[in-house]
Amino acid sequence: MSTKTALITGSTRGIGRATALKLARNGIRVVVSGRDTQRGQEVVEQIRSEGNEAHFVRADLRDAQSAVELAAKATEVAGGALDILVNNAAIGAGGPTAGTEESTFDAVLATNLKAPFYLVANIAPAMAARGSGAIVNVSTLAAEVALPGLSVYGASKAALDLLTKSWAAEFGPAGVRVNSVSPGPTRTPGSEALGEYLQLLAAQAPLGFVANPEDIAAAIAFLVSDEARFVTGTVLDVNGGRTIV
Ligand SMILES: NC(=O)c1ccc[n+]([C@@H]2O[C@H](COP(=O)([O-])OP(=O)(O)OC[C@H]3O[C@@H](n4cnc5c(N)ncnc54)[C@H](OP(=O)(O)O)[C@@H]3O)[C@@H](O)[C@H]2O)c1
Numbered sequence: 005m006s007t008k009t010a011l012i013t014g015s016t017r018g019i020g021r022a023t024a025l026k027l028a029r030n031g032i033r034v035v036v037s038g039r040d041t042q043r044g045q046e047v048v049e050q051i052r053s054e055g056n057e058a059h060f061v062r063a064d065l066r067d068a069q070s071a072v073e074l075a076a077k078a079t080e081v082a083g084g085a086l087d088i089l090v091n092n093a094a095i096g097a098g099g100p101t102a103g104t105e106e107s108t109f110d111a112v113l114a115t116n117l118k119a120p121f122y123l124v125a126n127i128a129p130a131m132a133a134r135g136s137g138a139i140v141n142v143s144t145l146a147a148e149v150a151l152p153g154l155s156v157y158g159a160s161k162a163a164l165d166l167l168t169k170s171w172a173a174e175f176g177p178a179g180v181r182v183n184s185v186s187p188g189p190t191r192t193p194g195s196e197a198l199g200e201y202l203q204l205l206a207a208q209a210p211l212g213f214v215a216n217p218e219d220i221a222a223a224i225a226f227l228v229s230d231e232a233r234f235v236t237g238t239v240l241d242v243n244g245g246r247t248i249v
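Count along the sequence shown from 1, then add 4; that gives the number in our numbering.
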């Protein structure tokens with residue numbers, strides 16, 4: 005069986021990093037990406053120290069052009085074909101709707117929605133031409149329930165979840181599966197700024213605890229694997245049961 009290659013955006017830390025490590029341990033060649041070259045190289049070194057294969061491609065995903073360039077570079081590094089894409093890179097923005105700067109609104113939509121859109125536009129057609137591929141969009145609990153102060157962030161991810169369904173329908177007949185993973189509160193460098201609110205949020209769910217990045221990576225690893233060959237267009241909640249109460 006030939007080795008598959010995955011591009012994981014935002015894999016220099018947090019959930020993306022855990023996903024890169026997990027997929028690599030599953031025998032997948034990974035392309036690590038993010039803005040911070042040093043942290044990206046450290047992830048690559050860790051993967052290589054475990055005897056697995058990884059490469060780093062720097063990208064600042066802030067518009068269509070940056071997505072087009074990452075798609076091209078990652079495909080080249082992958083040896084001409086990507087089998088898996090994980091759209092994980094995102095930025096959050098907290099605060100009341102009134103007073104939200106237009107530049108903040110535009111930046112959140114650009115990184116969380118526009119970049120995944122143009123990555124898929126530039127990667128999925130080649131997957132479809134080869135007759136197989138798997139894409140996971142990393143969403144959020146805030147796209148499903150109203151979390152005050154997370155309106156723009158939640159809206160960007162709710163739109164991404166709709167794209168999951170659109171793309172599942174568009175590319176499914178060509179053998180490409182597209183799903184979302186929707187994490188609840190997860191302890192990462194990015195969620196540190198939430199302080200005690202992270203545990204308070206977690207306590208609202210039946211399971212009641214804050215996830216580790218590995219808990220989310222496990223769900224992503226399942227959805228990109230052949231074990232999930234009949235699963236497409238779904239949003240997999242990995243949130244301790246928060247959305248059922
Ligand atoms: N943590 C949670 O509680 C939680 C809950 C629900 C959903 N999520 C979602 O899970 C995903 C990962 O979150 P996380 O908590 O692991 O975040 P994190 O710790 O802040 O990591 C974010 C990653 O994205 C990269 N990134 C950010 N902006 C970027 C840009 N403009 N271009 C390229 N890369 C960029 C960062 O790399 P560089 O700094 O190197 O650029 C980093 O590797 C996100 O989609 C987030 O919305 C997280």
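No residue lacks a Cβ here, since even glycine has one placed at the ideal position from N, Cα and C.
Check	Outcome
Could you give the distance in angstroms between the alpha-carbon of Q50 and the alpha-carbon of G103?	42 Å
When you compare each of A119, V239, G55 to P187 by their alpha carbons, which one comes out closest?	V239
Assuming I32 and T23 form a contact by the criterion Cβ under 8 Å, report the distance between their Cβ atoms to the nearest whole angstrom.	That belief does not hold up - the Cβ atoms of I32 and T23 are roughly 10 Å apart, past 8 Å.
Quick one, which of R43, I139, A10, A197 has its alpha-carbon nearest N173's?	Asn is not the amino acid found at residue 173; the sequence shown has Ala there. Among R43, I139, A10, A197, the Cα nearest to that of A173 belongs to I139.
Would you say the beta carbon of R39 comes nearer than 6 Å to a heavy atom of ligand 1?	yes
Name, in chain order, the residues that DSSP records as bridge partners for T190.	A215
With a 10 Å radius around its C-beta and 16 neighbouring C-beta atoms as the bar for buried, classify R52 as buried or exposed.	exposed
Pull up the DSSP beta-bridge partners for T9, would you.	R33
Measuring only from the beta carbon, is D64 closer than 6 Å to any heavy atom that is part of ligand 1?	yes
Mapping DSSP to helix, strand and coil, what is L154?	coil
How would you write the range of the beta strand (DSSP E) that A209 sits in, first residue to last?	That residue, A209, is in no beta strand (DSSP E); it is neither H nor E in DSSP.
Could you tell me which of F226, T247, A197, V185 sits nearest to L211, measuring between CA atoms?	T247
Considering only C-alpha positions, which residue in the set T190, A85, N141 is nearest to L117?	N141
Using only the heavy atoms of ligand 1, determine whether one of them is closer than 6 Å to the beta carbon of R182.	Sequence inspection shows Val at residue 182; the Arg mentioned does not correspond to that position. Every heavy atom of ligand 1 is 6 Å or more from the Cβ of V182, so no.
What do you get for E231, buried or exposed, if any count of 16 or more other CB atoms within 10 angstroms of its CB means buried?	exposed
Below 8 Å CB to CB, which residues in the same chain sit around E218 once its five sequence neighbours on both sides are set aside?	A22, K26
Which of the three DSSP states is assigned to I88 in this structure?	strand
Once the 5 residues before and after M131 are set aside, which same chain residues still bring their CB inside 6 Å of it?	G137, V180
Do V72 and V35 have their C-beta atoms within less than 7 Å of each other?	no
Measuring straight from C-alpha to C-alpha, what distance separates L145 and F234?	24 Å
Rounded to the nearest angstrom, how far is the Cβ of T115 from that of R66, given a contact under 8 Å?	6 Å
For the alpha helix (DSSP H) holding G132, just list the boundary residues, first then last.	For the sequence presented, residue 132 should be read as Ala rather than Gly. Element bounds for A132: 119-134.
Cβ-heavy atom distance between G153 and ligand 1 below 6 Å?	no
Taking the alpha-carbon positions, what's the A225 to A197 distance?	27 Å
Just to confirm, are G237 and G153 a CB contact at a threshold of 7 Å?	no
Is it true that the CB of A28 sits closer than 7 Å to the CB of A76?	no
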